[in-house]
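Protein chains in written order, with UniProt numbering: chain P, 1 to 397; chain S, 1 to 397. First comes the structure, then the notes that go with it.
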């Protein structure tokens, strides 16, 4: 066993991993099938790790996928003591499995966990456990015969135990599941009409996603369920996602980060997104990657510039829907898109604000040029078309 | 079976109740024992009702208390699709079992459920189910030999099912458990030093509980877990609860409503609490009862007035910590208390704001006169010392 830390508790320790292989393999669904769009089928195994306040993190386990048993008093069912991560594992065109910047997701899970009074851990140990899990379920669920496919990974931490008291739980469960997931950025379910290439957003009217002093920057359950009512109403009105405003500040779109490319009144080209400073929005891994690639490759003198893709300035700041509306009215809006693990990079074709539809330029019809280029760059890294430090290979031997 | 409603779905229907009695009775703990303070032991049975989006509410069940089985993809574990109620059942001094205004809790659970995209139901059916449950577990867990005791009741609704998608769940579970609960308003755990009679509150510094356009008015899990970090930090500094401010507005204290009695600059006596208008605070059943009793009994000419309990005006409005601080500085602060199901009516002895302790008058040392009187009035109704429409008798035959 590992030794306790200074606080007398055991740290998360991937070297203690115990593996119980399944004896009945599940059926791997066809990519883009109805079953995949149902988002119900998980892979053969799951990871579980228990934490208790008198021991710390117990030995991690990989075991057959199956139900969890929780007492009706479990903290996570009543007090939203829960957080999660969304990430993907990719079968590359070079035949290898890759994670995309997994250290970012693992570190953010620590941040989210502690925001709802759940325990911290060494994020590097979680990354090791993730890789051990994918070494087992990766080869079968993302076969080499299917390059260019991915699985969605869902690490989660929930408050558990028998105590109903309104305080931090004395027992906690970390689990990881892997789910065949549809390509939300372009596809649509079998039988459904093909999806229009751009998302239509409805600016929120009365409800607010997050606020200063809250938890909008953490990936905690409490940011999601309360947003569903607005989302459902938006869909009924024909919009794909809510553009979340906070006192007219533009923050996020649905559960994704939101970007706009516009020309300033002075004619300067800018890629603009909400700032992390006020802790309202999620520090998205895709968001961060978009900003870093743009700062590196969309600058004067870059080999990537064309007549349609000009150098621009990358700006993270608080900005309002009025600025967006004004740019639209004055013809300065170049394009808009969302970024995230679920929706990847998806262009935005319209924003409804105050019952008026702002139609956003969509380049050649499938999306703006910047969104297209950023998406290509990221895909090349994820699927191993280029070697890049963000694409972390998972050992399958 | 009941007939479907206009939407083709079945309503919650207490007449469909199925009962499976336990075959192994649990041990009833002694009142105020360590086991009760652990808040871990539930009664012999629990209620469960499943809702599915293709059927509506299935037949309610009363069955032996035991663990729930949830898939790791269950919505409530990831997206805080969850809400609950807190209420008590009382063994009266007249030997009868009573609920306190249960129709208020049942109606509020509908409001909370729909705020997180969970289904609605007829609250009167839930009240019938609650009574059927208490008819079974009430006599043994609140024996007539223990008048003046209570059980805590926890109805909850959670998003369930196998789908991980970020939307309202297609399957839902309503459950009700009953828990022996300590008297938080006066007691302390066995072996612990006796608690000081008044709560010490720490005004929140950087974190905010709720905000306009949010869900502070609903009893959803998302209001609780994110508040634990502040609460734990407050306890470490020697404070019992956080006094939640929103841009200097005084809103709630811990998970209770907050009241103050002060004299205005003009010398008028007022009972002040935050207004429900901006949907920031919970519409507490105890809060509402305090306001109604005060408006009825603390008026000129009332038989209840004494030299220490004078008539006052009841005011629900937005007010700030600066007003509270000014009243304290000018000696106009008469008393303060919190109200709620868990803490009932508990006086407040101090508020720390900007690193300064405002010491609140505590009457004879155990609490202010208004808090004492309101608590007595409510107890008399709950425990059947007086007949009142708020005390709803549970049939035990």
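Here a beta-carbon is modelled for each residue, glycine too, at the ideal position from N, C-alpha and C. Model, not experiment: these values are computed from the prediction.
Strictly under 9 Å for the Cβ-Cβ distance: is residue i near chain P by that measure?
i, result
"residue 167 of chain S", "yes"
"residue 78 of chain S", "yes"
"residue 106 of chain S", "no"
"residue 342 of chain S", "yes"
"residue 423 of chain S", "Residue 423 of chain S cannot be examined here, being either before or after the span of chain S that is shown, 1 to 397."
"residue 67 of chain S", "yes"
"residue 232 of chain S", "yes"
"residue 301 of chain S", "no"
"residue 81 of chain S", "yes"
"residue 192 of chain S", "no"
"residue 120 of chain S", "no"
"residue 204 of chain S", "yes"
Starting from the C-beta of residue i, find all residues in its chain whose C-beta is less than 8 Å away, skip the five residues before and the five after it, and write them out in chain order.
i, result
"residue 304 of chain P", "297, 298 and 373"
"residue 13 of chain S", "2, 57, 59, 60 and 125"
Rounding to the nearest angstrom, what Cα-Cα distance links residue i and residue j in this structure?
i, j, result
"residue 394 of chain P", "residue 135 of chain P", "7 Å"
"residue 28 of chain P", "residue 143 of chain P", "10 Å"
"residue 74 of chain P", "residue 165 of chain P", "10 Å"
"residue 234 of chain S", "residue 279 of chain P", "22 Å"
"residue 383 of chain P", "residue 355 of chain S", "55 Å"
"residue 210 of chain P", "residue 243 of chain S", "20 Å"
"residue 199 of chain P", "residue 104 of chain S", "42 Å"
"residue 347 of chain P", "residue 84 of chain P", "26 Å"
"residue 263 of chain S", "residue 292 of chain S", "20 Å"
"residue 214 of chain S", "residue 302 of chain P", "45 Å"
"residue 390 of chain S", "residue 337 of chain S", "22 Å"
Any beta-carbon of chain S closer than 9 Å to the one on residue i?
i, result
"residue 39 of chain P", "yes"
"residue 164 of chain P", "yes"
"residue 223 of chain P", "yes"
"residue 114 of chain P", "yes"
"residue 249 of chain P", "no"
"residue 141 of chain P", "no"
"residue 51 of chain P", "no"
"residue 61 of chain P", "no"
"residue 315 of chain P", "no"
"residue 110 of chain P", "no"
"residue 159 of chain P", "yes"
"residue 348 of chain P", "no"
Check for me: the beta strand (DSSP E) holding residue i runs from which residue to which?
i, result
"residue 241 of chain P", "241-246"
"residue 217 of chain P", "It is not in any beta strand (DSSP E) - residue 217 of chain P carries neither H nor E in the DSSP assignment."
"residue 345 of chain P", "344-353"
"residue 253 of chain P", "249-253"
"residue 64 of chain P", "61-64"
"residue 16 of chain P", "It is not in any beta strand (DSSP E) - residue 16 of chain P carries neither H nor E in the DSSP assignment."
"residue 386 of chain S", "That residue, residue 386 of chain S, is in no beta strand (DSSP E); it is neither H nor E in DSSP."
"residue 313 of chain S", "313-316"
Give me, in chain order, the residues of the same chain whose beta-carbon lies closer than 6 Å to that of residue i; leave out the 5 immediate sequence neighbours on both sides.
i, result
"residue 224 of chain S", "none"
"residue 80 of chain P", "221 and 222"
"residue 286 of chain P", "339 and 340"
"residue 208 of chain P", "246"
"residue 332 of chain P", "262 and 263"
"residue 195 of chain S", "188"
At 7 Å on the CB atoms, spell out the chain S contacts of residue i, in chain order.
i, result
"residue 154 of chain P", "164"
"residue 14 of chain P", "Going along chain S, no residue has its Cβ under 7 Å from residue 14 of chain P, so there is no contact; the nearest lies around 20 Å."
So which residues of chain P does residue i contact, with C-beta pairs closer than 8 Å?
i, result
"residue 84 of chain S", "78"
"residue 175 of chain S", "72"
Got a sec: is the Cβ-Cβ distance from residue i to anything in chain B below 9 Å?
i, result
"residue 71 of chain P", "The structure shown contains no chain B; the protein chains it does contain are P and S."
If you follow the alpha helix (DSSP H) that residue i is in, where does it begin and where does it stop?
i, result
"residue 156 of chain P", "First-last for residue 156 of chain P: 150-160, but that is the beta strand (DSSP E), not the alpha helix (DSSP H)."
"residue 180 of chain P", "Counting along the chain, residue 180 of chain P falls outside any alpha helix (DSSP H), though it belongs to the beta strand (DSSP E) covering 171-180."
"residue 382 of chain P", "369-382"
"residue 135 of chain P", "123-141"
Which chain P residues sit within Cβ distance under 7 Å of residue i?
i, result
"residue 133 of chain S", "Here the premise fails: no neighbours, minimum Cβ distance about 13 Å."
"residue 46 of chain S", "72"
Suppose the cutoff is 7 Å on Cβ atoms and the five residues either side in sequence are ignored; what does the same chain contact list for residue i look like?
i, result
"residue 46 of chain P", "63, 65, 175, 176 and 177"
In chain P, which residues lie less than 9 Å from residue i when you measure between Cβ atoms?
i, result
"residue 214 of chain S", "207, 208, 209, 210, 211, 214 and 226"
"residue 338 of chain S", "Neighbours of residue 338 of chain S on chain P: none; closest Cβ ~13 Å, over 9 Å."
"residue 253 of chain S", "Under the 9 Å cutoff, chain P gives no residues; its nearest Cβ is about 13 Å from residue 253 of chain S."
"residue 220 of chain S", "80, 222, 225 and 226"
Give me the chain S residues within the contact set of residue i, using Cβ-Cβ distance strictly less than 8 Å, ordered along the chain.
i, result
"residue 286 of chain P", "Those do not exist, as residue 286 of chain P stays about 16 Å from chain S at its closest Cβ, beyond 8 Å."
"residue 179 of chain P", "73 and 164"
"residue 229 of chain P", "114, 115, 116 and 117"
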